[in-house]
Amino acid sequence: MSMLEVKNIYKNFGDLHVLKGVSTNVDKGEVVSIIGVSGSGKSTLLRCMNLLEEPTFGEVWMEGKLLTPVDPYLHFDIIRASKTYKGLIASGMEDMDAIKKIKDEDMLLEKHSQEGPEYKALMQKHFKENHIDTNLARRKMSMVFQQFNLFNNLTVLDNIMLAPVETAKYNKVKDLNAEKAKIREQAMSLLERIGLADKADVYPSKLSGGQKQRIAIVRSLAMNPDVMLFDEPTSALDPEMIGEVLDLMKELAEAGMTMVIVTHEMGFAREVSDRVLFVDEGYIKEEGTPEQVFGNPQNPRLRDFLSKVL
Amino acid sequence: MSLGTILHDMWDIFVTYYIGQNLLVTGVGYTLALSAIAVFFGAILGSLLAIGKMSRFRILRFIITAFVEIMRGTPALLQLYIAYFIVPMVFTFAEMTPFACVAVGLSLNSAAYVSEIIRSGIEAVDKGQTEAARALGLTAKTTMLKIVLPQAIRNILPALGNEFVTIIKETSLASTFFVGELMTTYAVIKGITFNIIPTLMDIGIIYFIMTFTLSKLMGIAEKKMKAGA
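Protein chains in written order, with the numbering used here: chain W, 1 to 310; chain Z, 1001 to 1229.
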């Protein structure tokens, strides 16, 4: 079972088609880097993984659980149960031709409401069997942002403690005070690990960019996530602060954390990744080990891209 | 009429009527009471409108937008006239004095402006704050209560102070209905002395002292809040 899987993701912003059918999966402990030019859709792909952007079509799965609504086009049994399919078969079409036509011409989503009970029952069955609440999934899949996004109204320690404490409240933990003490202890030990324990009671506005990003990373770690998503974590940093953030990420990768990283740091991607995805014009144009992608690129767009950034 | 006589008459009228007949206390009292009621209910109602405007329900959003636009697009005096005649018809179970009618009118007017202040205060909070909270698995409600609103209030409070000052000035419209606030004292004193200009000057000074004091207090509060973060 994959840790994280995206199946045939499309994302449209109005008439702008940013992702045009992207599929990939991330295994436990794997470090996957996503590279590509600005505007290629790589950040959108990452944001679709935790549903900060809702995919227009396609499904996102995490540890065998479905985060998105069911996409009928990904399930033959649902397509075959539809009136649209039965109509095409009745008009003399072959099974696979009918399915292809329905997919290509997007004949189902528009007419969701007109489909019969069999189709609806199947949709519901798939949903019920597999779906997980987005908030629950996000607690196991934290994200680190380009702009850090530390909570301005909270101290560093409260920034780290907020989500674990609120989660304990959602879970109706009996002895909340004991739980809080435990969370505080973990938060302090995380701060010590990055050498910023003395900043516990400071507000984010008093910190440097590198400090902010390292705290944002341990804020994510405090949730004990199974996967971590990084959205260009060093792009907003001054050059002299990039190293400290990358070092911390490297440490996490070596400790076996599953990570998906959108990055412009090619040297870093080459060093820590198990697999590199090259996203371009809304597709994954090439993927492979760092040696393959950086050492022997096949796609002309990738070669062009690498010649500019390396 | 020389400046000397005007100043002399201003002092004379102030001592005789505002102090001697207690018009200062009643006038300022009614003005402040009316403003406080309008701001208090305006803030409560305005918050509800702002929340409603962020709801999923299209029809609710449309009604609120229409209300806010109408309140902002028509004269406050007209709104008070309408309130003056309609409020007694609606609240038939209680005797609605002109003061109560005007209070309702001003509250509704203030609610429209306050709702816009709150909405823009919330929208001014960086979107990344919400995204970070939601990405950690916090619910929309927790995100609003723990992250967005505390930051929004810092944007909202100064504008809310300005709204209070505006309301104090707008209560003068209530004199049309003779409810006894500061501007009403003009009609009273004019009727006795026929001395218009010094009376108006006196009233202007009293209004200015009220609004100026309030703005200064707001300024101090703002500074304290900034120091707190």
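All C-beta atoms in this analysis are idealised placements derived from N, C-alpha and C, irrespective of residue type, glycine included.
task = Mind listing the chain Z neighbours of W/GLU232? Cutoff is C-beta to C-beta under 7 Å, in chain order.
result = Chain Z residues near W/GLU232: none, gap ~13 Å exceeds 7 Å.
Thinking just about the alpha-carbon of each residue, which of Z/VAL1179, Z/GLU1181 and Z/LEU1034 is nearest to the one in Z/ASN1109?
Z/LEU1034
message: Considering Cα atoms alone, identify which of W/LYS28, W/PHE13 and W/PRO55 is closest to W/VAL318.
response: Residue 318 of chain W lies beyond the residue range present for chain W, which begins at 1 and ends at 310; the question has no answer from this structure.
query: For the alpha helix (DSSP H) that contains W/GLY288, what are its first and last residues?
result: Looking at the DSSP string, W/GLY288 is not in any alpha helix (DSSP H); the run it does join, the beta strand (DSSP E), is 283–288.
* **Straight-line Cα distance separating W/ASP274 from W/GLU286** => 14 Å
**OP:** Determine the extent of the alpha helix (DSSP H) in which W/ARG80 is found, giving its start and end residues.
**Re:** 76–80
Q | chain Z contacts from the stretch 157–178 of chain W (Cβ-Cβ distance under 7 Å) | A | LEU162, ALA163, GLU166 and THR167
### Message
Tell me the DSSP secondary structure of W/ILE132 in three-state form.
### Response
coil
- request: May I have the straight-line CA-CA distance separating W/THR263 from W/ALA187, to the nearest angstrom?
  value: 27 Å
Exercise. Please go through the same chain and pick out, in chain order, the residues whose beta-carbon is closer than 8 Å to the beta-carbon of W/LEU302, but skip the five residues on each side of it.
Key: PHE278, ASP280, LYS285, GLU286 and VAL293
| said: Give the list of continuous beta strand (DSSP E) stretches no shorter than 3 residues that lie fully inside the stretch 1170–1204 of chain Z. | reply: none
Query raised in the report: W/LYS42: buried (16+ other C-beta within 10 angstroms of its C-beta) or exposed?
Result: buried
Selected residue, minimal CA-CA separation from Z/ASN1162, among Z/ALA1135, Z/LEU1007, Z/VAL1039 and Z/LEU1145: Z/VAL1039
So, are the CB atoms of W/ASP77 and W/GLY58 less than 7 Å apart?
no
If you draw a straight line from the C-alpha of W/TYR119 to the C-alpha of W/TRP61, how long is it? 22 Å
Note to self: Rounded to the nearest angstrom, what separates Z/LYS1053 and Z/ILE1147 at their Cα positions?
What the structure shows: 19 Å
Handout entry: Interface residues of the stretch 1113–1146 of chain Z facing chain W [CB-CB below 8 Å]
Key = ASP1126, GLY1128, GLN1129, GLU1131, ALA1132, ALA1133, ARG1134, ALA1135, LEU1136, GLY1137, LEU1138, THR1139, THR1142 and LYS1146
Fill in: Proximity below 7 Å, CB of W/LYS180 to CB of W/VAL165
yes
| query | Are W/ARG219 and W/ILE160 close, meaning C-beta to C-beta below 7 Å? | reply | yes
### Task
Would you kindly work out how many angstroms separate the C-alpha atoms of W/CYS48 and W/VAL26, rounded to a whole number?
14 Å
- Query: What do you reckon, are the CB atoms on W/THR44 and W/LYS7 nearer than 7 Å?
  - Reply: no
- Please list, in chain order, all residues of the same chain as W/LYS174 whose beta carbon is under 8 Å from its beta carbon, the five residues on each side excluded. none
query = Counting Cβ pairs closer than 8 Å, one from the stretch 1149–1160 of chain Z and one from the stretch 1097–1107 of chain Z, do we hit at least three?
reply = no
- When the Cα of Z/GLU1170 is compared with those of Z/ALA1043, Z/PHE1041 and Z/LEU1032, which residue comes out closest? Z/LEU1032
Check your understanding: In angstroms, rounded to a whole number, what distance separates the CA positions of Z/LEU1138 and W/PRO225?
Key -> 14 Å
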